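Residue numbers (my numbering): 10 to 260.
In this text, a Cβ means the ideal position worked out from N, Cα and C, and glycines have one as well.
Quick caveat, the model's predicted, so the values are computed rather than measured.
This is the structure we're talking about:
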């Protein structure tokens, strides 16, 4: 609540306290699910340890959906996702174009991520970040300007981890910048070149904080690594024992 209240005031956005309380609860519920050991409220506060309101809001929403960890999508989050995402043969995919509502906010998310109607969402290629961004955008679209939503979505997209340099020699950040320019033009967001560049800088700062614990020169990075293990291998969290096979199969 404190972070939401501070960030909206910094952006001079009027939001009723009861609405902020509703959003805070929406964030806390999935971030405190039983299998969350690393992607918890503490993590989002670390990622959001900034004096930039856009970065703070992006951090609060960036890990809401984590299908591999939770083995599902929180029911309250599915309210915002169901019009755009469907499950087919055990896989999540964006609905076909003729099934999607005419929704400028959702279009903004897909353009910034470089996703298209009918696309299958892959766990290690932005699935969770994309759906988290959709929730963030739909939750805040009633009181945030398109420019603010644009910047928040860009920051969440940048938290897709460990993206390699592409075949055309561009980094993930350079590709993001290209998509931001294209989206800015397609949807008439009217951000200046300077604002686009500043948005990319915000996204880089946020993504660096997201992975900062794993780049520590000291052994503190092991703490984060060990917290990740029981998130994806639930056998490690079941009681005090597990078999060698159960340990090895998910590593």
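Contact holds between the stretch 66-73 and the stretch 151-165, because three or more Cβ pairs, one in each stretch, are under 8 angstroms apart.
Membership of residue 100 in the beta strand (DSSP E) is indicated by the continuous run 100-103. With respect to residue 83, residue 39 sits close: the two C-beta atoms are nearer than 7 angstroms. When the five nearest sequence neighbours on each side are left out, the beta carbons in the same chain lying within less than 8 angstroms of the beta carbon of residue 169 are those of 134, 135, 138, 181, in order along the chain.
By the criterion of a C-beta distance shorter than 7 angstroms, residue 110 is surrounded in its chain by 92, once the five residues flanking it on both sides are discounted. About 7 angstroms separates the Cβ atoms of residue 78 and residue 45, confirming a contact at the 8 angstroms cut-off.
The beta-carbon separation of residue 144 and residue 86, rounded to 5 angstroms, stays under the 8 angstroms limit for a contact. In this structure, 64 is the residue among 176, 10, 253, 64 with its C-alpha nearest to the C-alpha of residue 159. Contact between residue 94 and residue 127 is absent: CB atoms are separated by about 12 angstroms, not below the 8 angstroms threshold.
Going by C-alpha positions, residue 99 is about 12 angstroms away from residue 76. The Cβ neighbour count for residue 88, taken over all protein chains shown within 10 Å, is under 16; the residue is labelled exposed. Here the alpha carbon of residue 193 sits roughly 25 angstroms from the alpha carbon of residue 57. At a Cβ-Cβ threshold of 7 angstroms, residue 205 and residue 179 do not count as neighbours.
Leaving aside the five residues that flank residue 156 on each side, the residues in its chain whose CB is nearer than 7 angstroms to its CB run, in chain order, 198, 200. In this structure, residue 19 places its C-beta atom within 7 angstroms of the C-beta atom of residue 62. Taking the C-beta atoms as reference points, residue 67 is found nearer than 7 angstroms to residue 215.
Under a 10 Å Cβ-count criterion, residue 37 is classified as exposed, with fewer than 16 other Cβ atoms of the shown protein chains found around its own Cβ.
Residue pairing by DSSP puts residue 129 in a beta bridge opposite 102.
Assigned with DSSP and collapsed to three states, residue 36 falls in helix. DSSP places residue 94 inside the beta strand (DSSP E), whose first and last residues are 94-97.
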